[in-house]
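Enquirer:
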Amino acid sequence: MRSVTINPAKMCQPIGAMYALFGVHAAVPLVHGSQGCTAYPMRMFNRHFGELVQVAVSSLGEDASVFGGKKNLVASIENIIARRHPALIGVITTCLSETIGDDIDGIIREGNFEESKVVPIHTPSYVGSHVTGYDNALKALVTSLSVEPDSDNAKLNILPGMVNPGDILEIKQMLDSMNVSHTILSDISETLNAPLMLPKPPFPRGGTSVGAIEDCANACGVISLCEHAGGSAAVFLKGKYGMAADTICPIGVANTDRFLDAVCDMTGAEIPYSLEQERGRLIDAMVDVHMKTCGKRAAIFADPDIALALAEFVTELGMEPVIVSSSTASRKFLQKAKSVTDGGEILNGRDLYELHRVVKDKEVDILFGNTKCTPIAKDEDIAFVRCGFPVYDRVGYHRYGIMGYHGGMYLTDMITNAILEWGER
Amino acid sequence: MPLTLLKSDKAIPEREKHTYIKAASENILPLSNVQTTPGDFTERGCTYAGCLGVVCGPIKDVIHLVHGPIGCAYWTWGGGTRQNLSDNPGFHRKYCFSTDMQEDNIIFGGEDKLYESILEAHEEFPEAKGVFVYATCAIGLIGDDLKGVCKRAEDEIGIRVIPFNCEGFRGCSQSLGHHIANDTLFERVVGTKEPEYLTDYDMNIIGDYNIQGDLWEIMPLFERMGIRILSTFTGNASVDDIAQAHRAKLNLMHCQRSTPYICKRMEEKYGIPVLKASLFGVEQTSKALRDVAAFFGLGDKAEEIIKEEVSKVAPKIEEYKTKFEGKRVFIYQGAPRAWHWVNMFRELGVETIAAATTFGHEDDYAKICERVNDGALVIDNPNSLELEEILTDLKPDLFISGLKEKYLSYKLGVPFINGHSYEKGPYAVYSGFLNFARDVEKTLFAPVWGLIRRGKDA
Chain B
8 MRSVTINPAK MCQPIGAMYA LFGVHAAVPL VHGSQGCTAY PMRMFNRHFG ELVQVAVSSL
68 GEDASVFGGK KNLVASIENI IARRHPALIG VITTCLSETI GDDIDGIIRE GNFEESKVVP
128 IHTPSYVGSH VTGYDNALKA LVTSLSVEPD SDNAKLNILP GMVNPGDILE IKQMLDSMNV
188 SHTILSDISE TLNAPLMLPK PPFPRGGTSV GAIEDCANAC GVISLCEHAG GSAAVFLKGK
248 YGMAADTICP IGVANTDRFL DAVCDMTGAE IPYSLEQERG RLIDAMVDVH MKTCGKRAAI
308 FADPDIALAL AEFVTELGME PVIVSSSTAS RKFLQKAKSV TDGGEILNGR DLYELHRVVK
368 DKEVDILFGN TKCTPIAKDE DIAFVRCGFP VYDRVGYHRY GIMGYHGGMY LTDMITNAIL
428 EWGER
Chain Y
12 MPLTLLKSDK AIPEREKHTY IKAASENILP LSNVQTTPGD FTERGCTYAG CLGVVCGPIK
72 DVIHLVHGPI GCAYWTWGGG TRQNLSDNPG FHRKYCFSTD MQEDNIIFGG EDKLYESILE
132 AHEEFPEAKG VFVYATCAIG LIGDDLKGVC KRAEDEIGIR VIPFNCEGFR GCSQSLGHHI
192 ANDTLFERVV GTKEPEYLTD YDMNIIGDYN IQGDLWEIMP LFERMGIRIL STFTGNASVD
252 DIAQAHRAKL NLMHCQRSTP YICKRMEEKY GIPVLKASLF GVEQTSKALR DVAAFFGLGD
312 KAEEIIKEEV SKVAPKIEEY KTKFEGKRVF IYQGAPRAWH WVNMFRELGV ETIAAATTFG
372 HEDDYAKICE RVNDGALVID NPNSLELEEI LTDLKPDLFI SGLKEKYLSY KLGVPFINGH
432 SYEKGPYAVY SGFLNFARDV EKTLFAPVWG LIRRGKDA
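So the sequences go chain by chain: B and Y.
So the first sequence is residues 8 to 432, counted in the working numbering.
So the second sequence is residues 12 to 469, counted in the working numbering.
Next comes the structure, spelled out in structure tokens:
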């Protein structure tokens, strides 16, 4: 394997932690690092979501890098509390502060900050990827904030992972139609798809409240949609509170069926006729286009759980997932990928330069990936379906979900239209 | 009016020194180029951003290899959000190189991985004319011998391999990164190649990054005068162009914040005089053409070109001016464009009521204060909460800034232009001025602003 990475498939941990914190109401991500560690990721959010994001940074300079960043961190927290009165501050570390070795847990504990909750989140950039950062952030939130259960609130915890606001809306609509009350940890469906209404609120409306996170131990169960981005929090909830836990990424027919069955098992709810109808509409849509989709050779690049679920869905559409490529290397991904591809190529955390090489080799018809994959599709003159994060060479992808039966319809249409536009060359 | 403290800054009174309401009778400048107040929601970037993101990134035919964990490379891939166009986009804007340092590399050192990475990148892209290696934060702390590794790799592959010690934590903003890039390129590249031939009219354009093709509008104006552009620093530049820059008769400096360092060193070592220019708007562009023509003794030619170009744009500019008269703008840019554009807006009938820079120094603020009217707010390194307060309280008709601030402006219902990477540029010289004015018109008069409602619960 090459030492050099050419066209990386992954970003680093801190951006994943920011992603998680944007879904908490009135939360401020505070990055303990240098200023580029906020200025750059913020632009990635701006481009993908078309939204304002506000991230604070402790602006570590040369002094702090030699003598430690405690002074900067304490001053940052005090300034943020005094000026914005957030419900929560998530302190996100970087390669810089982790290599310096700042004891952020100790600093936060000693600081005794009262007005806002302050949660330490360790996200060393030299371990894992953005997905790991999301996972670590969510685990830190749940570990630091959840309190011992005192009642059974009969809610279901959903840990969506790094998905779009549109995906979360799909999940919520399904659960609402089943009368299942739920806590989404964390919920970017409104915060990163915010209305333009004046006056602008100090924090975007929506997001999971700190109270709801504190209360999450009272839930009857937890489902993480992306095991690699939220799974650790689910394992914690299961281990500490004995909560029923499952992990299912509801993309495609069978995965959504499994998701709804798990919801029923955990909550005692039943699947309403309206969802049966929606399932029927998805099947109808798939039948309508199966002559276009069957037999197509697909290459899928995404974060690990999304990549696996997409591979299963394209198989349902009669396609052959000849390449399944994960942004992030993981043993679990490798194992599962073997079962979802029938002898297809598995790229486990390899870069996009390698993906491009394999796409050339495998006579691919259709590629699934984020905007960084666009040049591959153009060079190879194949159909292209944009998905994942970041997508910024087209607008609106964050608004629409690909999860659930309804999201599956949207995805089916997107796939077919991509094939039609490509013209089956 | 003296220095002032905004309402949102009550908890951080040190911001008062950075916030000035201009009065001609005073001799005050806001404090600049110092460390950011921690946790103040700064819009600033880092030294690495100034070095690779701004100055080196546009160089189109070298491998830009980022030594560190993966994020830093990802952000600058293809120029990031910057639109530094080149005529080699299939390489320069397409590929991103990183050593992707892992935990064991941080513990045991990353020198071997760096060495291997340089060799492999060269093997994949043997046509690249060099490898530039950028150190990111963690590298400065673990103490990899960048210089030694690059020398060893250079001996092995036979093309220049140049280290840049631009760790993000150095300095207080992007600004130090510009300086590091200038010094390194001067010491390692400038003067390493002789031009095939020389003319008496050889000139470098320093400090233009060809954003959305600015240089491709700028260069023909000078070429029509009989000037040869020997080298551009660094828009659409080949590393070989920069290598022969030392033989120019004149350096024309556009971005006067990110490139005065190399101009000064070229003046000291090679005796190349420097001419400062603003290549935005009619008056400033015409002045630059006249100044250059005067230097080379080509006065009449400049006047011919100016006459022709002005006649093409003047009637349209007059139309725009009638439409924009009385409008008020808040300009927030990296540094020089904040003052380049005060005059350009004046030509459009738009008054600058507030101006700010991310990483300006005293000389930038002196130029801003010279240009804006009394009562204008001049603020250094404004943070997100200050920007919101200014947009809300001063109610400019237009905000011109960068992507991070764009959606703040939109969410407050304030028309906006992206001055960093442009909306639909180029914006430079006469032709670009019309693009600029067209974009200002589009956003000022977009019907959607009139449809915004006030919510009841906010």
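Each residue gets a CB set at the ideal place from its N, CA and C atoms; glycine is no exception.
Just so we're clear, the structure is a prediction, and the values are computed from it rather than from any experiment.
1) Is there a Cβ of chain Y sitting closer than 8 angstroms to that of B:Val-347, yes or no?
2) Would you please verify whether the beta carbon of B:Tyr-26 is less than 8 angstroms from any beta carbon of chain Y?
3) Determine the extent of the beta strand (DSSP E) in which B:Tyr-141 is found, giving its start and end residues.
4) Closer than 8 angstroms, Cβ to any Cβ of chain B: which residues of the segment 99 to 120 of chain Y, in chain order?
5) Alpha carbon to alpha carbon, how far is Y:Leu-187 from Y:Val-73? Give it in angstroms, no decimals.
6) Buried or exposed for Y:Glu-381, please, with buried defined as at least 16 other CB atoms from any protein chain shown within 10 angstroms of its CB.
7) Please report the straight-line C-alpha distance between Y:Lys-21 and B:Glu-197, rounded to a whole angstrom.
8) Touch check for the segment 386 to 405 of chain Y and the segment 54 to 71 of chain Y: three-plus C-beta pairs under 8 angstroms?
9) Using a Cβ-Cβ cut-off of less than 9 angstroms, list which residues of the segment 31 to 51 of chain B approach chain Y; keep chain order.
10) Check whether the Cβ of Y:Asp-51 lies closer than 8 angstroms to any Cβ atom in chain B.
11) Tell me the DSSP secondary structure of B:Asn-377 in three-state form.
12) From which residue to which residue does the alpha helix (DSSP H) around B:Gln-284 run?
13) Which one of B:Val-154, B:Gly-302, B:Thr-106 has the shortest CA to CA distance from B:Glu-370?
14) Could you tell me whether any Cβ in chain B is nearer than 8 angstroms to the Cβ of Y:Pro-407?
15) Alpha helix (DSSP H) containing B:Asp-183: first to last residue?
16) Any residues in the segment 33 to 52 of chain Y with a beta carbon nearer than 7 angstroms to a beta carbon of chain B? Which ones, in chain order?
17) Give every residue of the same chain whose Cβ lies closer than 8 angstroms to the Cβ of Y:Glu-399, excluding the five residues on either side of it in the sequence, and list them in chain order.
18) Using 10 angstroms around the beta-carbon of Y:Phe-307, count the other beta-carbons present and answer buried if the total reaches 16, otherwise exposed.
19) Exposed or buried, Y:Ala-469, counting other C-beta atoms within 10 Å across all chains shown (16 or more means buried)?
20) Quick one: does Y:Trp-227 have its CB under 8 angstroms from some CB of chain B?
21) Does the beta-carbon of B:Glu-58 have 16 or more other beta-carbons within 10 angstroms, so that it is buried, or is it exposed?
22) So, do the segment 102 to 114 of chain B and the segment 138 to 153 of chain B have three or more beta carbon pairs nearer to each other than 8 angstroms?
23) At a Cβ cut of 7 angstroms, what residues of the segment 204 to 222 of chain B count as close to chain Y, listed as they run along the chain?
24) Taking the Cβ atom as the reference point for each residue, do B:Val-270 and B:Met-185 lie within a distance shorter than 8 angstroms?
25) Going along the chain, which residues of the segment 52 to 63 of chain Y sit with their C-beta nearer than 9 angstroms to a C-beta in chain B?
26) Taking C-beta pairs closer than 7 angstroms, name the residues in chain B that Y:Tyr-418 reaches, listed in chain order.
27) Does B:Ala-89 get closer than 8 angstroms to chain Y when you measure Cβ to Cβ?
28) For a test of the three-state rule: what should DSSP assign to Y:Lys-18, helix, strand or coil?
29) Would you say Y:Arg-465 faces chain B, with C-beta separation under 8 angstroms as the test?
30) Since B:Ile-107 meets chain Y, which of its residues come closer than 7 angstroms, beta carbon to beta carbon?
31) With DSSP collapsed to three states, give me the class of B:Leu-203.
32) Just how far apart, CA to CA, sit Y:Tyr-126 and Y:Asn-116?
33) Listed in chain order, which residues of the segment 72 to 87 of chain B have Cβ atoms closer than 7 angstroms to some Cβ of chain Y?
34) Using a 10 Å radius around the Cβ and a threshold of 16 neighbouring Cβ atoms, would you call Y:Tyr-441 buried or exposed?
35) Whose C-alpha, out of Y:Lys-435, Y:Trp-352, Y:Arg-348, Y:Arg-258, is nearest the C-alpha of Y:Asp-450?
36) For chain B, is any of its Cβ atoms less than 8 angstroms away from the one on Y:Ser-19?
Expert: If we stick to the structure as given:
1) Indexing the first sequence from 1 puts residue 347 of chain B at position 340. Answer no: the Cβ-Cβ gap between B:Val-347 and chain Y never drops below 8 angstroms.
2) Looking up residue 26 of chain B in the first sequence gives position 19. With a threshold of 8 angstroms between beta carbons, B:Tyr-26 makes no contact with chain Y.
3) Mapped onto the first sequence, residue 141 of chain B falls at position 134. First-last for B:Tyr-141: 137 to 152, but that is the alpha helix (DSSP H), not the beta strand (DSSP E).
4) Lys-105, Tyr-106, Cys-107, Phe-108, Ser-109, Thr-110, Asp-111, Met-112, Gln-113, Glu-114, Asn-116, Ile-117
5) Taking the second sequence and counting its residues from 1, the one referred to as residue 73 of chain Y is at position 62. Taking the second sequence and counting its residues from 1, the one referred to as residue 187 of chain Y is at position 176. Distance between the alpha carbons of Y:Val-73 and Y:Leu-187: 22 angstroms.
6) Locating residue 381 of chain Y in the second sequence gives position 370, where the first residue counts as 1. With fewer than 16 other Cβ atoms within 10 Å, it is exposed.
7) In the second sequence, the residue the question calls residue 21 of chain Y occupies position 10. In the first sequence, the residue the question calls residue 197 of chain B occupies position 190. In a straight line, the C-alpha of Y:Lys-21 is about 31 angstroms away from that of B:Glu-197.
8) yes
9) Against chain Y - using a Cβ distance shorter than 9 angstroms - the residues of the segment 31 to 51 of chain B are Val-35, Leu-37, Gly-40, Ser-41, Gln-42, Gly-43, Cys-44, Thr-45, Ala-46, Tyr-47, Pro-48, Met-49, Arg-50, Met-51.
10) For the purposes of this step, residue 51 of chain Y is taken as the residue at position 40 of the second sequence. Closer than 8 angstroms to some Cβ of chain B, the Cβ of Y:Asp-51 qualifies, so yes.
11) Here residue 377 of chain B refers to the residue found at position 370 of the first sequence. Coil, per DSSP.
12) As a first step, residue 284 of chain B is located in the first sequence; it is residue number 277 there, counting from the start. Segment 280 to 300, the alpha helix (DSSP H) holding B:Gln-284.
13) Within the first sequence, the letter at position 363 stands for residue 370 of chain B. For the residues B:Val-154, B:Gly-302, B:Thr-106, the minimum Cα distance to B:Glu-370 belongs to B:Gly-302.
14) Position 396 of the second sequence, counted from the start, is the residue given in the question as residue 407 of chain Y. Taking Cβ atoms only, chain B never reaches closer than 8 angstroms to Y:Pro-407, which makes this a no.
15) Stepping through the first sequence from its first residue, residue 183 of chain B is reached at position 176. That run of the alpha helix (DSSP H) goes 172 to 184.
16) Gln-46, Thr-47, Thr-48, Pro-49, Gly-50, Asp-51, Phe-52
17) By one-based count along the second sequence, residue 399 of chain Y stands at place 388. Excluding sequence neighbours, Y:Glu-399 sits near Ser-19, Leu-419, Leu-423.
18) Residue 307 of chain Y sits at position 296 when you count from the first residue of the second sequence. It counts as buried.
19) Position 458 of the second sequence, counting from 1, holds the residue named residue 469 of chain Y. Because Y:Ala-469 sits at a pLDDT of 46, beneath the cut-off of 50, its placement in the model cannot be relied upon, and the following sentence gives the value as read from the coordinates. Label assigned to Y:Ala-469: exposed.
20) Numbered from its first residue, the second sequence carries residue 227 of chain Y at position 216. Y:Trp-227 does not count as touching chain B.
21) For the purposes of this step, residue 58 of chain B is taken as the residue at position 51 of the first sequence. Per the 10 Å Cβ criterion, buried.
22) no
23) Met-204, Leu-205, Pro-206, Lys-207, Pro-208
24) Start at 1 with the first residue of the first sequence, and residue 270 of chain B comes out as number 263. Start at 1 with the first residue of the first sequence, and residue 185 of chain B comes out as number 178. Yes, the Cβ-Cβ distance between B:Val-270 and B:Met-185 is below 8 angstroms.
25) Phe-52, Thr-53, Glu-54, Arg-55, Gly-56, Cys-57, Thr-58, Tyr-59, Ala-60
26) Within the second sequence, numbered from 1, the residue matching residue 418 of chain Y stands at position 407. Simply Asn-53, Gly-57, Glu-58, Leu-59.
27) Reading the first sequence from its first residue, position 82 is the one you call residue 89 of chain B. Yes - at least one Cβ of chain Y is within 8 angstroms of the one on B:Ala-89.
28) Numbered from its first residue, the second sequence carries residue 18 of chain Y at position 7. In this structure, Y:Lys-18 counts as helix in the three-state DSSP scheme.
29) Position 454 of the second sequence, counting from 1, holds the residue named residue 465 of chain Y. Taking Cβ atoms only, chain B reaches closer than 8 angstroms to Y:Arg-465, which makes this a yes.
30) In the first sequence, the residue the question calls residue 107 of chain B occupies position 100. The contacting residues are Leu-152.
31) Reading the first sequence from its first residue, position 196 is the one you call residue 203 of chain B. Reduced to three states, the DSSP call for B:Leu-203 is coil.
32) For the purposes of this step, residue 126 of chain Y is taken as residue 115 along the second sequence, with counting starting at 1. For the purposes of this step, residue 116 of chain Y is taken as residue 105 along the second sequence, with counting starting at 1. Roughly 13 angstroms separates the two Cα atoms.
33) Ser-72, Asn-79, Ala-82, Ser-83, Ile-84, Asn-86, Ile-87
34) In the second sequence, the residue the question calls residue 441 of chain Y occupies position 430. Buried is the call here.
35) Position 439 of the second sequence, counted from the start, is the residue given in the question as residue 450 of chain Y. When Y:Lys-435, Y:Trp-352, Y:Arg-348, Y:Arg-258 are compared, the shortest CA-CA separation from Y:Asp-450 is found for Y:Lys-435.
36) Taking the second sequence and counting its residues from 1, the one referred to as residue 19 of chain Y is at position 8. With 8 angstroms as the cut-off, Y:Ser-19 counts as an interface residue toward chain B.
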